[in-house]
Amino acid sequence: MHPSVTFLNFDHTYTWQRNLLRFPHEWIDMYDIKGTNLYCDDDAMQEIEKRLACRHTRGITFIGSGNYHYVSYALLKQLHEPFTLVLFDHHTDMNEQTLFPLLSCGSWVSYAQKHVPTLKHVV
């Protein structure tokens, strides 16, 4: 049986949450990837996408603390059917990074709107 939940280990957030870890899950270490805290450079995103591609199952994915919201962008890129993103957050995550175009927790939705062709609407 494949696990139905994936934990992305960027910051050891889940190592202390033993009740969560008792369920079948897949664990993907990301903590060794440089350039991932709050902002994500191109090399880091390539490595994240490479590791995500090795997952055995798709579905519920825990991404760690709020410092890694931008990982949602990589996950959305894996969707092949048209979809609407329903976003619940304190801020929109749609900031335009014009001066320094660096993917961040505050800009990942604007990146997705430009680079994920299956993303049709954001609510």
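All residue numbers in the sequence shown are consecutive under my numbering, ending with 246. All residues carry an ideal CB built from backbone N, CA and C; glycine is no exception. Fair warning: this is a prediction, and the values are worked out from it, not measured in the lab.
Selection from Val232, His238 and Thr215 that minimises the alpha carbon distance to histidine 203: Reading the sequence shown from its first residue, position 80 is the one you call residue 203. Considering only alpha carbons, the answer is His238.
Cα-Cα separation between arginine 181 and histidine 244, rounded to whole angstroms: For the purposes of this step, residue 181 is identified with residue 58 of the sequence shown, where counting begins at 1. For the purposes of this step, residue 244 is identified with residue 121 of the sequence shown, where counting begins at 1. One C-alpha to the other measures close to 22 Å.
Backbone CA spacing between asparagine 132 and isoleucine 156 [nearest angstrom]: Stepping through the sequence shown from its first residue, residue 132 is reached at position 9. Stepping through the sequence shown from its first residue, residue 156 is reached at position 33. Cα-Cα distance, rounded: 10 Å.
Tyrosine 154 vs aspartate 134 beta-carbon contact at 8 Å: Working through the sequence shown from its first residue, we reach residue 154 at position 31. Working through the sequence shown from its first residue, we reach residue 134 at position 11. Their beta carbons are under 8 Å apart, which means tyrosine 154 touches aspartate 134 by this criterion.
Exposed unless 16 or more other CB atoms sit within 10 angstroms - verdict on aspartate 212: Taking the first residue of the sequence shown as 1, we reach residue 212 at position 89. Aspartate 212 should be labelled exposed.
Euclidean distance between Cα positions of serine 233 and histidine 214: One-based indexing of the sequence shown puts residue 233 at position 110. One-based indexing of the sequence shown puts residue 214 at position 91. Spanning the two alpha carbons is a distance of roughly 13 Å.
Pairwise C-alpha distance: isoleucine 186 and threonine 241: On the sequence shown, position 118 is the one that residue 241 refers to. On the sequence shown, position 63 is the one that residue 186 refers to. The alpha-carbon atoms of threonine 241 and isoleucine 186 are separated by roughly 22 Å.
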